[in-house]
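Enquirer: Once you've had a glance at the structure underneath, I'll fire off some questions.
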Amino acid sequence: MFDRPKVGESAIIVHIDLKSEGQREHLQEFKELAVSAGARIVSTIEGSRDAPDSRYFIGSGKVDEIGKQVEILQAELVLFNHTLTPSQERNLEASLKCRVLDRTGLILDIFAQRARSFEGKLQVELAQLKHLSTRLVRGWTHLERQKGGIGLRGPGETQLETDRRLIGARIKQLNQRLKKYTEQRNLGSRARRRALVPTVSLVGYTNAGKSTLFNKLTGSDAYVADQLFATLDPTLRRLEIQGVGHIVLADTVGFIRHLPHDLVEAFRSTLEETCEANVLLHVIDANDPERDAYIDQVNDVLQQVGAEDIKQIRVYNKIDLTDTPARIDRDEQGMPVRVWVSAQTGEGMDLLQQAVSDFLLLESVQGRLVLGPEQGNIRAAMYQMGAVSSETAGPNGECLIDIHLSKQDFARIQKKFSVELVLDSTKLLDDADDHTMSASNA
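The sequence shown begins at 744 in my numbering and counts up one residue at a time.
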């Protein structure tokens, strides 16, 4: 959108404490966002209001206070820890005589810096253009009227209309490109399902230690830094899990409180990797006092992308900063629900792999399914999900297929076709029950 200065920009942060719980933001987190974006914070201005002002979001007195600070400190940027409407942003820029950026704009800027893959750059550009399209109104006041006069008559549209048309055309083009990438990713997902390779996806609040955990488990060198949104593009690696075999471990973008809707929409194709996972490893900073609120924020985003039904194992990371020992917490059925680890020291990594193995074994369905000639739609659905490992024909025209899939997918097919499917053998489930008994006896 613009050339970024190499030394960062001097910025004034504005944080208003609103009475509405749904509009409240955390000041320290916003400061970390600003630093991650390359800003140099020169002043922080705080205040409180019952509700935002329609013209400036803040009161006129606070606008004068910020204006004086901008002049004294020669600030180049004013960052609001809130979502501003396009008119509020324009009114503030006109009064303060400097650039004004809200929380959404700042997060978009950070994503623009972090994107490395071609797809990631397309997704960020799409989110930026959607955000910009709402801020074009009266942005070109000197070009609002159609040109007239000899030699000045244009194509019959204002500059604003031209900008909107060009942005709309670019958004359409980006959506088409991203659709192709989504189709390619779906091919990879179907190939993994056909090869019976489970997918485990890391999710969590930004800076919870997902990439460090990913590197520790896979031996990779994904970029790690103590900052928000250090990594953006998803990374997939193959991992050997004892008792299960090969799995695919996916590291996804971190979430944050009030993640901009345009970003969620733009990254929906990337986050579909999460929706296809057999299990989510929800990485949580065990040392963060706000961890319960962050858990809720992550679950909200998962609901937005349609992954709320994927079962989770909560991984409480950074136990080296607490007095908590490494352990696995299980429910009444012996299913692992929480694992306490330290990705930094490696403590509990063996327990995490054991928890993933136990979960995948307990959540798998394997056996032979007998389908009549009239149940070809169920057979086709099994093949589409990559659940069929072999097929033979029965003596009476029935179809005998050996399947291997998750309990969740198995239940989904039964619900879709309104049938109750009974397997001839469930060796894997019997083995899993034995494994559970031995685990409980231990």
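Where is the CB? At the ideal position from N, CA and C, for every residue including glycine. Predicted model, so just to flag it, every value in this text is computed and none were measured.
Considering only the alpha carbon of each residue, which of V1084, Q871, V1007 lies closest to G911?
Expert: Along the sequence shown, read from residue 1 onward, the residue named residue 911 stands at position 168. Here the closest residue by C-alpha is Q871.
Enquirer: Kindly identify the DSSP beta-bridge partner or partners of Q1109.
Expert: Walking along the sequence shown from the start, residue 1109 turns up at place 366. Answer is H1147.
Enquirer: Quick one, are the C-beta atoms of V813 and L839 less than 8 Å apart?
Expert: Translated into the one-based positions of the sequence shown, residue 813 becomes position 70. Translated into the one-based positions of the sequence shown, residue 839 becomes position 96. The answer is yes: Cβ separation under 8 Å.
Enquirer: Quick check on Y799: does DSSP put it in helix, strand or coil?
Expert: For this step, residue 799 is matched to residue 56 along the sequence shown. Of the three classes helix, strand and coil, the one that applies to Y799 here is coil, per DSSP.
Enquirer: Quick one: is E1075 buried, meaning 16 or more other Cβ sit within 10 Å of its Cβ, or exposed?
Expert: Here the question's residue 1075 lines up with position 332 in the sequence shown. E1075 is exposed by the Cβ-count criterion.
Enquirer: Is the segment 939–951 close to the segment 1017–1035, with three or more CB pairs under 8 Å?
Expert: With a cut-off of 8 Å, the segment 1017–1035 and the segment 939–951 count as touching, because enough Cβ pairs lie within range.
Enquirer: Check the DSSP bridge columns for N1060 and list the partner residues they point to.
Expert: Counting from one through the sequence shown, the residue named residue 1060 turns up at place 317. Partner(s): D1028.
Enquirer: Taking the beta strand (DSSP E) that A855 belongs to, which residues open and close that run?
Expert: As a working mapping, residue 855 is identified with position 112 in the sequence shown. Where A855 is concerned, there is no enclosing beta strand (DSSP E), although the alpha helix (DSSP H) it sits in stretches over 846–857.
Enquirer: Which whole-angstrom value is the C-beta distance of R1073 and Y1059, which I expect to be below 8 Å?
Expert: As a first step, residue 1073 is located in the sequence shown; it is residue number 330 there, counting from the start. As a first step, residue 1059 is located in the sequence shown; it is residue number 316 there, counting from the start. Incorrect: roughly 14 Å between the Cβ atoms, too far for contact.
Enquirer: For R1000, which three-state DSSP category applies?
Expert: Residue numbering aside, residue 1000 sits at position 257 when the sequence shown is read from its first letter. Reduced to three states, the DSSP call for R1000 is coil.
Enquirer: Pick out the complete alpha helix (DSSP H) segments inside the segment 809–844, 4 residues or longer, and give them in chain order.
Expert: Listed in chain order, the complete alpha helix (DSSP H) runs (minimum 4 residues) inside the segment 809–844 are 829–839.
Enquirer: Determine the DSSP secondary structure at I759, reduced to helix, strand or coil.
Expert: Here residue 759 refers to the residue found at position 16 when the sequence shown is read from its first residue. Of the three classes helix, strand and coil, the one that applies to I759 here is strand, per DSSP.
Enquirer: For a test of the three-state rule: what should DSSP assign to G947, helix, strand or coil?
Expert: Here residue 947 corresponds to residue number 204 of the sequence shown, with the count starting at 1. Looking at G947 - three-state DSSP - the assignment turns out to be strand.
Enquirer: Would DSSP call L869 helix, strand or coil?
Expert: The count along the sequence shown starts at 1 and reaches residue 869 at position 126. Reduced to three states, the DSSP call for L869 is helix.
Enquirer: At the level of alpha carbons, what is the spacing between R896 and R833?
Expert: Translated into positions along the sequence shown, residue 896 becomes position 153. Translated into positions along the sequence shown, residue 833 becomes position 90. Confidence in R896 is poor, its pLDDT being 47 and thus under 50, which makes the residue's placement too unreliable to answer from.
Enquirer: Count the other CB atoms, across all protein chains shown, that sit within 10 Å of the CB of V943; report buried if there are 16 or more and exposed otherwise.
Expert: For the purposes of this step, residue 943 is taken as residue 200 along the sequence shown, with counting starting at 1. V943 comes out buried.
Enquirer: Taking the alpha-carbon of F823 as reference, which of I815, F800, R1034 has the nearest alpha-carbon?
Expert: Counting from one through the sequence shown, the residue named residue 823 turns up at place 80. Measuring from the Cα of F823, the nearest candidate turns out to be F800.
Enquirer: Do you know offhand how far N1139's Cα is from R1155's?
Expert: Stepping through the sequence shown from its first residue, residue 1139 is reached at position 396. Stepping through the sequence shown from its first residue, residue 1155 is reached at position 412. If you take the alpha carbons of N1139 and R1155, they lie about 28 Å apart.
Enquirer: Check each candidate in R981, R846, I1038 and name the one with the smallest Cα separation from N958.
Expert: Walking along the sequence shown from the start, residue 958 turns up at place 215. Of the candidates R981, R846, I1038, the one whose C-alpha sits nearest the C-alpha of N958 is R981.
Enquirer: Cutting at 8 Å between CB atoms, please list the residues of its own chain near R1225, excluding the five before and the five after it.
Expert: Lying outside 744 to 1185, the shown extent of the chain, residue 1225 is not represented and no answer is given.
Enquirer: Give the DSSP bridge partners of R792, in chain order.
Expert: As a first step, residue 792 is located in the sequence shown; it is residue number 49 there, counting from the start. Its beta-bridge partners are L761.
Enquirer: If you count every other CB in all the chains shown that lies within 10 Å of the CB of D793, and 16 or more means buried, which is it?
Expert: In the sequence shown, the residue the question calls residue 793 occupies position 50. Its Cβ having fewer than 16 others within 10 Å, D793 is exposed.
Enquirer: Provide the residue span of the beta strand (DSSP E) that contains G988, from first to last.
Expert: As a working mapping, residue 988 is identified with position 245 in the sequence shown. From DSSP, the beta strand (DSSP E) with G988 extends over 988–994.
Enquirer: Let me know if K953 comes out buried or exposed under the rule of 16 or more other beta-carbons within 10 Å of its beta-carbon.
Expert: For the purposes of this step, residue 953 is identified with residue 210 of the sequence shown, where counting begins at 1. With 16 or more Cβ atoms within 10 Å of its Cβ, K953 is classed as buried.
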